[in-house]
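Residue numbers (my numbering), protein chains in the order written: chain A, 604 to 922; chain B, 604 to 922; chain C, 604 to 922; chain D, 604 to 922. Notes follow the structure.
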């Protein structure tokens, strides 16, 4: 699984589209610029009965959350509870109130989260040409703050690739392309419009939570796989944000080249597409399969983590 | 500031309304039950031009976030950055991608957040009659999970008490009542409808952030102050959720009795009203003052912290 | 590996020695009372050339430290470094000093550490009869503080069981008894005196660090195994402290009964023997094998963690 | 309190002694090289009756530990306790053992601790000429590991400046020099020998713990103050390590120049003297005043924090 010596992301993406400077030299939200107030209203126009779904996965679970290799699960600690009052660590407030309080530690990109555009880079340059050294000691460019300040609101389309392929979940390393997305949409009788927020379900996060898949050596997620055509399609469709139920939104390695996380380079760093990873899509997907409606109002607002590389989010989808 | 010996919350609230069992013995979301799908659509119906505001405060700031006395500020740590790659701690992925990654530690109720209904109690009993011992080692009843699973979505009304009183921010320990809220609404030409989510602006969080107020000994926030009438009004109006720009959503001590955080007992524990605290309302308020429209679509979805007493949120308000 | 239904620690240890109340109803340091000033000097009297060894394992390593199942590795984060100064997060002090600063999170019992006597219990009762509820929200009895205040200083004897059995490390689940300790001492030509601090080397921590052993499902450490005679021997020998290079100082399960961590009950809870776990003994052992001297001055002083169940330590051994 | 524009540490220390390369280009322990095995035995030779003192301050206290401005106190969290078992979060081990477990977060330099030689620098260069960029993302040169591996063991001399000046504690910003140290030693009838580890008591940490002093704006510790003569004296006396009961081992600002923490530059960075800060010396000092013996065996072994800038320690002093 080592990359061809000669092949680098710089060479691979030499002819791929790039939106640096498109929204000005200071832009830090990239393709979210496509999500105008008009798109917010277009998203609301899809709502029929007001049923609401939240797409965040639980964090700091007792068993340990699924996380991308190299990270470690978020943790939850009680600071105050009833037993702590009984043992003399805490005293009731005047009048008699007692309280439970707790602490959470985890990666800024714990659980369901949005990546900042500067989260990954190559050739020492982030989204929009910012220097990689701007990440040192905390993001001073293209961090999560401008994205969290703006929110990600518009029309969402769920593409249930797993169901489309007749499986509970895609297999390890299984891939698909934008052509598959279009066929899936056709089968679901939903239209991928320009500026739609794409929610792609592989069943993977559910399979991890259920223990049917696990994270170990040679971890290789299913997901979208790179082609120049795919990148051009995202660019032409002006896709503002990509949401999946995998840990990294794309297949881990490119099958041919062995390059890793190529779409983080092609879509995030070069086009400014905002990635939301580890979404919980199974309940929503079951509902969509039942009523045959795969579009809705999508609203995500990651945590405003100062200088953060990402922010946890619990996106809302309303049908 | 010590409570009258004879006065306790139990006595004070003996005749106050209580909604335990109203939504079943297992209910953990309380007044959010008022937010039906119908209310979600009612919220959307208020939207005119699709302009979006996010109401979270930044967390893990370099200066240290404002937190209620007894808590401590959230912290942000870089795990990987460009300099770490240069110093040999990290190696580029196959193809050349590098990454920034980071870690956040903080209270589950860090920054803008929703309280779980079991966060505070008296007489050893939480919301809906759950035992206080259910908080031990992690919330097993009335934690934040059911609220985070559901989301808080509906029609929001901003009540700008500070502007109504002609001040940039209320003073330390300054109070107001539901009558003030109604007068403020009248002055703003907005209607508080049954089941409206109330957003109350005091200017306080902005004053803390700007250093005009500070947290020290004898800290005493401005805010709503208890009366039986006020509790009855919240109950009759079926207010599902109370959002303010103070650290604890109410004046810290009751002026007469010295009792502390009485509305946490009267509204949260007894009625199941969900509190969202430390919201950033100044930008939204300036916009509302400019266009004279104080209602909108409100959507909050706190983090799904397993067993948590609360969850951080970055609420979205759309006009 | 499930325990016999009928067998419990209470029954198993019904006739085993117990030192509760021996040093008074308030005692929290147990067998460390054997380490009088006289024993400190006896330890020093063993020193010949002043060569010094430190027995702590590295913590917060990049690869992740070995920890007992259910815990997770300590983590290290930079707060300030040169690159952070260059990126504007920090400013030089008057005169020009810059600084690196960092943060560590981990279990109180991270890396090499001493257990508090109240760390484990059965029948709702800790060492010396303290109630198990005294652990709630933080140790109020038999925590690490009194041990850390006193220190563990005396004559140390290294018993290199691995070398004695001619192996680099004991095998998974391999056991030995106090008779083996005595034979090993004889072979090493060192005497186990009353009140000696016992350092037992199995080679296990080194094997974990080298990747020759790993922590996974069905983890089962080699180590001492329970018998009534062994407990009596520890009691009669007045062993103040047991130090090993395994994660839990004893074989994980009793071979016959399947009971878990029986010596934590028999030696720690009942006799007040202080356990130091995860020591790094390989370098010391090589030196002892070279000069055939297995005794020395031992000095450990765990961190003074308020209300802690344990404290990390970097014990010193001087020959 | 701003530095003279023209004055920098580089100019101030242009003629001061410097021990870079003295112990080789790779040396990371500096003046600890003076602590030979001979010095270890010399330290032991001072011991008369074996009485033992531990010099660490408690960490993660409920009230919040004293820390240098810019840091924040260590925190302690229970992970498991009896109440957590009762509430179903944990289950007894086979046989019936239950356990308390806990987590600690804090600066590597929390509580009583040793600084790594690379902790502070100027002119982009650490101890021994290592590049400041070697601190990026974790210490790769002159971190705490080599010091923790070696330990700090030898003859300790307590110099009780506070008692010498007839005060419970020195005043804010009060200074003293090496001449004062020598006079104090004379008054105490103890000799400062070459290679002695110096423990200097100001009473400050005790005053902070008792609330008689506090950390706020314009914090200014008492302590040693810079002169070229003082630096030469430390060099000629081959002082390996400086231990004090202040947060930073020296007066915060140089009275004349306003330069900050000059001895960190002159002694730590240039001479390789290892600093141990925030020691608890009051109990030891009272004992020394009582028996008029101010020397003893000193043994400190900081935590082996990988890549750390420092490590917590609980030094032992034996008389």
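We treat Cβ as the ideally placed atom computed from N, Cα and C, and that holds for glycine. Owing to the predicted nature of the structure, the values given are computational and were not obtained by experimental measurement.
Contact set for residue i: own chain, Cβ-Cβ below 6 Å, skip 5 residues either direction
i: residue 660 (chain A); result: 714, 715, 881 and 883
i: residue 621 (chain B); result: 873
i: residue 682 (chain B); result: 704, 705 and 706
i: residue 867 (chain D); result: 723
i: residue 638 (chain B); result: 757 and 843
i: residue 624 (chain D); result: none
i: residue 815 (chain D); result: none
i: residue 943 (chain C); result: No information on residue 943 (chain C) is available, as it lies outside the stretch 604 to 922 that chain C covers here.
i: residue 911 (chain D); result: 711, 746 and 747
i: residue 819 (chain B); result: none
i: residue 918 (chain B); result: 658 and 903
Contacts that residue i makes with chain C (C-beta to C-beta distance below 7 Å)
i: residue 611 (chain D); result: 698 and 699
i: residue 675 (chain A); result: 675
Partner residues on chain C for residue i, Cβ-Cβ distance less than 8 Å
i: residue 848 (chain D); result: Within chain C, no residue comes near residue 848 (chain D); the closest Cβ sits about 15 Å away, beyond 8 Å.
i: residue 644 (chain D); result: 650, 652 and 653
Proximal residues to residue i (C-beta, below 8 Å), its chain only, five neighbours per side dropped
i: residue 734 (chain A); result: 727, 728 and 744
i: residue 651 (chain C); result: 896 and 922
i: residue 894 (chain B); result: 922
i: residue 775 (chain D); result: 816, 823, 824 and 825
i: residue 848 (chain C); result: 803, 804, 805, 806, 807, 808, 809, 881, 882, 883, 884 and 885
Under 7 Å from the C-beta of residue i: neighbouring residues of chain D
i: residue 652 (chain C); result: 640
Under 9 Å by beta carbon: chain D residues contacting residue i
i: residue 684 (chain B); result: 739 and 740
i: residue 868 (chain C); result: 698, 699 and 700
Beta-carbon contacts of residue i that lie in its chain and below 7 Å, excluding the five residues immediately before and after
i: residue 588 (chain B); result: Any answer about residue 588 (chain B) is impossible in this case: the structure gives chain B only from 604 up to 922.
i: residue 674 (chain D); result: 710
i: residue 708 (chain B); result: 677 and 678
i: residue 753 (chain D); result: 632 and 635
i: residue 604 (chain C); result: Caution is warranted here: a pLDDT of 38 is assigned to residue 604 (chain C), below 50, making its placement in the model unreliable, and no coordinate value can be reported.
i: residue 613 (chain C); result: 725 and 726
Contact under 9 Å by Cβ, residue i with residue j
i: residue 599 (chain D); j: residue 834 (chain D); result: Outside the displayed span of chain D (604 to 922) sits residue 599 (chain D), for which this structure offers no information.
i: residue 780 (chain B); j: residue 825 (chain B); result: no
i: residue 902 (chain C); j: residue 756 (chain C); result: yes
i: residue 850 (chain C); j: residue 837 (chain C); result: no
i: residue 698 (chain C); j: residue 725 (chain D); result: yes
i: residue 888 (chain B); j: residue 763 (chain B); result: yes
i: residue 967 (chain C); j: residue 739 (chain D); result: Absent from the structure is residue 967 (chain C), since the part of chain C shown begins at 604 and ends at 922.
Neighbouring residues, chain A, relative to residue i (Cβ below 8 Å)
i: residue 680 (chain D); result: 680, 681, 682 and 706
i: residue 687 (chain C); result: 739, 740 and 741
i: residue 662 (chain B); result: 906, 907, 908 and 909
i: residue 878 (chain B); result: Per Cβ cutoff of 8 Å: no residues; residue 878 (chain B) is ~12 Å from chain A at best.
Residue i Cβ short of 8 Å to the ligand ATP heavy atom set
i: residue 899 (chain D); result: With respect to the ligand ATP, the structure shown offers nothing to examine, as it has no ligands at all.
Residue i at chain F interface by Cβ criterion, 9 Å
i: residue 647 (chain B); result: No chain F appears in this structure, whose protein chains are A, B, C and D.
Cross-chain neighbours of residue i in chain B, by beta carbon under 9 Å
i: residue 690 (chain D); result: 736, 737, 738, 739, 740, 741 and 743
Contacts that residue i makes with chain D (C-beta to C-beta distance below 8 Å)
i: residue 873 (chain C); result: What residue 873 (chain C) touches in chain D: nothing, since even the nearest Cβ is about 12 Å away.
i: residue 665 (chain A); result: 692
Proximal residues, the segment 725-753 of chain B versus chain D, C-beta separation under 9 Å: Under the 9 Å Cβ criterion, the segment 725-753 of chain B contributes 736, 737, 738, 739, 740, 741 and 743.
Entirely within the segment 622-684 of chain D and at least 3 residues each: give me those beta strand (DSSP E) ranges in chain order. 655-657 and 678-683
Ignoring anything shorter than 3 residues or poking outside the segment 776-844 of chain C, list the beta strand (DSSP E) runs there in chain order. Counting only unbroken stretches of 3 or more residues, the beta strand (DSSP E) elements lying wholly within the segment 776-844 of chain C are 800-804, in sequence order.
Under 9 Å, CB to CB, which of the residues in the segment 889-911 of chain C have a partner in chain D? 900, 902, 903, 904, 905, 906, 907, 908, 909, 910 and 911
What residue ranges within the segment 832-917 of chain A form continuous alpha helix (DSSP H) runs of no fewer than 4 residues, ordered along the chain? 885-894
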